[in-house]
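Novice: My structure is below; once you've seen it, I'll send some questions.
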């Protein structure tokens, strides 16, 4: 058993936290939108450890609380919700949590949701991408397994992705030694997926899926004209971009300030990931040391995105570049450099000891190529 701290926050929601801990930031946590609230599990935490929770409808959450935290925590939450145990906001009540039938399922589901949003895929850093359809497949299966936990399960809306994922598993299995541990895992995952599809009444149609493309660097752009005055490399803004689009390395964004026959010109290039959606235009906001800003549209090319435009003659040579996807909702802040390194370290550890199907598949594909 693990002690948890149960409290009422300033907005009236009930919070549950393992004693002595606070919820991690979103880029280091798996978050599950549950009935009546949300669950948060730190990436890398044991599957049987109790998650953090914020309950805005504790009565609705009662249908799964005991299955994640055990009876004592569920009763303590019910007492708080009914004002049987009145407490001041922020003053905790301690209760003993024990792993229930949905504790591990909720943990894995949160891990899949984290990987969908924050996996730091990078050609430059050698962190292979995760197959989006395999992530979707596992999410659908876990949501089905966690019956009553998830507020808005994907279900039939994911039928096309599930069909592609099954084809991907077939392609993976065809490249493995028969009866090898990896092959057995893939076969078991496929059988489980068919069971989920049958239980959810998904009508799957055969759909050919090409083998995952080679994880290789594309050729760089041709040299730009003029004289280079300054050059720099930086990372893209993780919080301003969806996962699977831009390389997550700290060197994914390259800028060059040049003097040409017509004046000063700025070039920004961004490294993209294999399999990224086609046709998207990004925006780069470039700020110099004086605070003057220039905004560039970055158009897609073979290796990612590129933008080029004249800039004022007084533009400084110490530049900060922020890359975003127009219209994409961004949180107030994203991970700093130290946190990004922690996420990369966690990703490499998970590739060595996969926690979910897509990570195991990524390791197989990466080794093959």
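Numbering (the working numbering), first residue to last: 519 to 887.
Ideal Cβ positions, reconstructed from N, Cα and C, are used throughout, including at glycine.
1. For residue 570, which residues of its own chain have a beta-carbon under 6 angstroms away from its beta-carbon, when the five flanking residues on both sides are left out?
2. Along the beta strand (DSSP E) that carries residue 783, what are the first and last residues, could you check?
3. If you count every other CB in all the chains shown that lies within 10 Å of the CB of residue 846, and 16 or more means buried, which is it?
4. Would you mind working out which of 805, 760, 645 sits nearest residue 868, comparing C-alpha positions?
5. Of the choices 862, 746, 818, 621, whose alpha-carbon is the least far from that of residue 663?
6. Taking the Cβ atom as the reference point for each residue, do residue 659 and residue 709 lie within a distance shorter than 9 angstroms?
7. So which of 633, 601, 768, 690 has the shortest CA-CA distance to residue 854?
8. Considering only the beta carbon of each residue, do residue 784 and residue 838 sit closer than 9 angstroms?
9. What first and last residue would you give for the beta strand (DSSP E) that runs through residue 552?
10. For the beta strand (DSSP E) holding residue 697, just list the boundary residues, first then last.
11. Starting from residue 521, trace the beta strand (DSSP E) in both directions and tell me its first and last residue.
12. If I follow the unbroken beta strand (DSSP E) through residue 751, where does it start and stop?
13. Considering residue 533, what are the terminal residues of the beta strand (DSSP E) in which it resides?
14. For the region 525-539 against the region 626-637, do three or more pairs of beta-carbon atoms, one drawn from each stretch, fall closer than 8 angstroms, so that the two count as touching?
15. Check for me: the alpha helix (DSSP H) holding residue 585 runs from which residue to which?
16. What are the complete beta strand (DSSP E) segments, minimum 3 residues, inside the region 796-858?
17. Given residue 823, which residues of its chain have a CB within under 6 angstroms of its CB, disregarding the five upstream and five downstream residues?
18. Roughly how many angstroms lie between the CA atoms of residue 873 and residue 798, to the nearest whole one?
19. Specify the secondary structure class of residue 887 as computed by DSSP and reduced to three states.
Specialist: For this structure:
1. Taking the chain shown and counting its residues from 1, the one referred to as residue 570 is at position 52. So the qualifying residues of the chain are 535, 541, 558.
2. In the chain shown, counting from the first residue as 1, residue 783 sits at position 265. Taken as a continuous stretch (DSSP letters only), the beta strand (DSSP E) holding residue 783 covers 781-789.
3. As a working mapping, residue 846 is identified with position 328 in the chain shown. Counting Cβ neighbours within 10 Å, residue 846 comes out exposed, since fewer than 16 surround it.
4. Residue numbering aside, residue 868 sits at position 350 when the chain shown is read from its first letter. Answer by Cα proximity: 645.
5. The sequence position of residue 663 within the chain shown is 145, counting from 1. If we check each option's Cα against that of residue 663, 621 comes out closest.
6. Start at 1 with the first residue of the chain shown, and residue 659 comes out as number 141. Start at 1 with the first residue of the chain shown, and residue 709 comes out as number 191. For residue 659 and residue 709, no; Cβs fall outside 9 angstroms.
7. Against the chain shown, residue 854 aligns to sequence position 336. Residue 854 has its Cα closest to that of 768, out of 633, 601, 768, 690.
8. Walking along the chain shown from the start, residue 784 turns up at place 266. Walking along the chain shown from the start, residue 838 turns up at place 320. In this structure, residue 838 does not lie closer than 9 angstroms to residue 784 by Cβ.
9. For this step, residue 552 is matched to residue 34 along the chain shown. Segment 547-552, the beta strand (DSSP E) holding residue 552.
10. Stepping through the chain shown from its first residue, residue 697 is reached at position 179. Here residue 697 belongs to no beta strand (DSSP E), and DSSP marks it neither H nor E.
11. Within the chain shown, residue 521 is the residue found at index 3, counting from 1. That run of the beta strand (DSSP E) goes 520-526.
12. Translated into the one-based positions of the chain shown, residue 751 becomes position 233. Where residue 751 is concerned, the enclosing beta strand (DSSP E) stretches over 745-752.
13. By one-based count along the chain shown, residue 533 stands at place 15. Unbroken beta strand (DSSP E) run through residue 533: 532-536.
14. Cβ pair count under 8 angstroms is below three, so no.
15. On the chain shown, position 67 is the one that residue 585 refers to. According to the DSSP assignment, residue 585 belongs to the alpha helix (DSSP H) that extends over 576-587.
16. Within the region 796-858, the runs of beta strand (DSSP E) that reach at least 3 residues and sit entirely inside it are, in chain order, 800-805, 811-818, 822-828, 838-842.
17. By 1-based counting over the chain shown, the position of residue 823 is 305. So the qualifying residues of the chain are 788, 800, 816.
18. In the chain shown, residue 873 corresponds to position 355, counting from 1. In the chain shown, residue 798 corresponds to position 280, counting from 1. So the alpha carbons of these two residues sit roughly 32 angstroms apart.
19. On the chain shown, position 369 is the one that residue 887 refers to. The predicted position of residue 887 is uncertain, since its pLDDT is 36 and thus under 50; a value taken from the coordinates is nonetheless stated next. Coil at residue 887, not helix or strand.
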